[in-house]
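Quick note, the sequence shown lines up with residues 28 to 447 if you use this note's numbering. In what follows, a single structure is set out as structure tokens and then discussed.
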Amino acid sequence: MRRSRLAAGPCFLPRCITLLLIVTFGLCANAASRGQASASSRVVKAPVQKPKALPEARLIEVYRSLRAGDSRKALADAESLARDVPNFQLAQLVYGDLLLVRQGKAAGLAAAPPEMAASAAAQWNQLRQEATLRVAALTERPPADSVPRQFLDIPASTQHVMAVDASRARLYVFENGAHGMKLVADYYVSLGRYGVDKKAEGDQRTPLGAYFVTSRLEGGQLKDFYGPGALPLNYPNEYDRRRGKTGGGIWLHGVPPENFARTPQSTDGCVVLSNADFLPLLHTVLPRRTPIVIASKLEWVSVASLGGDRSAARALVEQWRQARSGQDLKKLLSFYSPQFSSGTVDLATWSKRLEKEMSAGRGRETELKELSILSWRDTGDVLIVTFGEVRKDERSGRMKRQYWGKENGQWKIFFEGVIG
Numbered sequence: 028m029r030r031s032r033l034a035a036g037p038c039f040l041p042r043c044i045t046l047l048l049i050v051t052f053g054l055c056a057n058a059a060s061r062g063q064a065s066a067s068s069r070v071v072k073a074p075v076q077k078p079k080a081l082p083e084a085r086l087i088e089v090y091r092s093l094r095a096g097d098s099r100k101a102l103a104d105a106e107s108l109a110r111d112v113p114n115f116q117l118a119q120l121v122y123g124d125l126l127l128v129r130q131g132k133a134a135g136l137a138a139a140p141p142e143m144a145a146s147a148a149a150q151w152n153q154l155r156q157e158a159t160l161r162v163a164a165l166t167e168r169p170p171a172d173s174v175p176r177q178f179l180d181i182p183a184s185t186q187h188v189m190a191v192d193a194s195r196a197r198l199y200v201f202e203n204g205a206h207g208m209k210l211v212a213d214y215y216v217s218l219g220r221y222g223v224d225k226k227a228e229g230d231q232r233t234p235l236g237a238y239f240v241t242s243r244l245e246g247g248q249l250k251d252f253y254g255p256g257a258l259p260l261n262y263p264n265e266y267d268r269r270r271g272k273t274g275g276g277i278w279l280h281g282v283p284p285e286n287f288a289r290t291p292q293s294t295d296g297c298v299v300l301s302n303a304d305f306l307p308l309l310h311t312v313l314p315r316r317t318p319i320v321i322a323s324k325l326e327w328v329s330v331a332s333l334g335g336d337r338s339a340a341r342a343l344v345e346q347w348r349q350a351r352s353g354q355d356l357k358k359l360l361s362f363y364s365p366q367f368s369s370g371t372v373d374l375a376t377w378s379k380r381l382e383k384e385m386s387a388g389r390g391r392e393t394e395l396k397e398l399s400i401l402s403w404r405d406t407g408d409v410l411i412v413t414f415g416e417v418r419k420d421e422r423s424g425r426m427k428r429q430y431w432g433k434e435n436g437q438w439k440i441f442f443e444g445v446i447g
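Put into structure tokens, the structure is as follows:
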């Protein structure tokens with residue numbers, strides 16, 4: 028498994044502080060002069076001491092205050108956060124910027140100081156990017172009642188689905204049930220040091236595709252580096268393998284205790300969240316059943332607009348089911364790609380297996396339970412179909428997964444296998 032590499036931030040001397048408040052938040056340098064001249068008056072005493080929120084939520088509150096034009100509250104909250112969580116480098120950066128703006132000394136710091144080492148300047152710039160992404164998340168919200176296009180058909184038995192938008196460094200979490208999917212949370216994440224579209228072992232990129240959580244690893248099973256635990260993903264999936272992609276060990280996980288250095292591109296390919304954000308996922312997401320889409324940029328669509336594609340995909344799978352339940356081997360094999368593979372089994376061996384099952388009467392009256400269909404499109408179109416295969420007079424069956432791809436305009440199954 029590849030370990031996510033979290034970048035350490037630069038030291039926060041006055042010359043190393045960015046102009047985040049001017050560049051990112053659009054504040055004027057003289058905004059702090061509104062009755063705030065002396066350093067001794069910079070902190071507003073809180074009228075009531077309330078339990079403090081989690082560090083990242085507190086940083087968002089600083090951003091909200093800045094958006095609302097309340098620089099006094101923003102400065103007070105930033106000072107408190109920087110004091111309480113000294114390892115939260117972005118919070119230190121924002122606090123330093125606020126102080127500079129207050130004192131009218133921010134001019135000339137819109138770029139990294141020339142005396143900074145190149146590596147420190149690069150990390151400094153990523154912190155600026157992190158701030159921009161966090162602020163954008165306050166206003167660039169997904170349209171109401173919309174979902175990522177890849178979630179074509181999700182059964183009510185799948186409790187959660189997740190999606191990562193790499194362009195926004197954001198993970199979106201949906202609860203799912205009888206009334207469909209509802210966006211319930213979204214979190215800032217760190218991705219691969221060299222971006223996305225993983226192709227090979229060690230390229231330090233995060234894969235793009237539709238995946239599933241395969242297992243749950245509690246913190247006691249891991250080094251402190253991974254925080255409270257990890258949720259491994261099934262990279263490379265069968266579509267990845269078909270295209271020759273290599274590597275592995277792609278996880279969702281947390282960070283070392285007290286570590287807040289999470290620039291947008293700082294891992295070896297994993298998707299990394301703060302421990303506070305990751306804990307709810309670790310304890311609620313179910314392995315094998317929970318899909319996660321990782322896209323360069325998510326396309327949000329209304330659930331209603333997926334109706335046509337969903338019906339077409341269901342019809343396709345139903346045609347396969349009917350053939351599977353019949354006795355016409357040739358018809359059933361027409362659904363499979365000549366390049367079909369199920370592990371070490373090629374189409375010829377698979378054909379003999381199906382013929383034997385039909386001869387024994389095991390192919391009759393197959394039902395599909397808890398049908399799930401994900402779609403993925405990049406250089407080709409892919410459907411990822413998961414279902415419980417239950418035969419007549421049986422109460423339960425095997426969980427199976429198929430990968431369908433388009434070949435000469437026709438959908439063909441290029442992988443089929445049991446997952447549980």
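The C-beta atom is built at its ideal place from N, Cα and C for all residues, glycine as well. Quick caveat, the model's predicted, so the values are computed rather than measured.
Three-state class that DSSP yields for N203 in the structure shown:
In the structure shown, N203 adopts extended strand secondary structure according to DSSP, grouped into three states.
Host alpha helix (DSSP H) of K439 (start-end)
Not the alpha helix (DSSP H): K439 falls in the beta strand (DSSP E), residues Q437 to V445.
Measuring CA to CA, which of I446, S107 and F178 is closest to V409?
F178
Applying the 10 Å Cβ sphere with the 16-neighbour rule, what's the burial state of D405?
exposed
Pull the bridge partners of W347 from the DSSP assignment, please.
DSSP lists no partner for W347.
Count the CB pairs spanning the stretch 311 to 321 and the stretch 232 to 250 that are closer than 8 Å, and state whether there are at least three.
yes
Rounded to a whole number of angstroms, what is the C-alpha to C-alpha distance between T51 and Q150?
With a pLDDT of 43 at T51, under the threshold of 50, the predicted position of this residue should be treated as unreliable, though the coordinate-derived value follows. Each residue's Cα considered, the two are about 17 Å apart.
Cβ atoms of Y214 and D295: under 8 Å apart, would you say?
no
Using DSSP with H/G/I as helix, E/B as strand and the rest coil, what is K209?
strand
Length of the line joining the Cα atoms of D265 and L356:
First, the amino acid is wrong: residue 265 is Glu here, not Asp. Cα to Cα, E265 sits roughly 25 Å from L356.
Would H206 be called buried (16 or more neighbouring beta carbons within 10 Å of its own) or exposed?
Answer is exposed; the Cβ neighbour count stays below 16.
Just curious, the alpha helix (DSSP H) that D111 is in, first and last residue?
S98 to D111
Simplified DSSP state of K383, which is helix, strand or coil
helix
Grab the span of the alpha helix (DSSP H) containing V409 for me, first residue to last.
Not the alpha helix (DSSP H): V409 falls in the beta strand (DSSP E), residues D408 to R418.
Given 8 Å, three or more beta-carbon pairs between the stretch 368 to 382 and the stretch 426 to 436:
By the Cβ rule, the stretch 368 to 382 does not count as touching the stretch 426 to 436, because fewer than three pairs are nearer than 8 Å.
To which residues of the same chain is S173 closer than 8 Å at the C-beta, ignoring the five residues directly before and after it?
Same-chain partners within the cutoff: W327, V328, S329 and V330.
How should L81 be labelled, buried or exposed, when 16 other C-beta atoms within 10 angstroms of its C-beta is the threshold for buried?
By the neighbour-count criterion, in which a residue is buried when 16 or more other Cβ atoms sit within 10 angstroms of its Cβ, L81 is exposed.
How far does the alpha helix (DSSP H) with K357 in it extend, from its first residue to its last?
L356 to L360
Helix, strand or coil for A190 per DSSP?
Here A190 sits in strand by DSSP.
Among V112, Q292 and V344, which residue has its Cα nearest to the Cα of T413?
V344
C-beta contact flag for R341 and T393 at 8 Å:
no
Enumerate in chain order the residues of its own chain whose CB-to-CB distance from P182 is below 7 Å, with the five nearest sequence positions on each side excluded.
E397, L398 and S399
With the cut-off set at 8 Å, would you say H187 and T376 are in Cβ contact?
no
For S301, which three-state DSSP category applies?
Reduced to three states, the DSSP call for S301 is coil.
From this set, A237, Q130, E106 and S361, which residue's C-alpha is nearest L325's C-alpha?
A237
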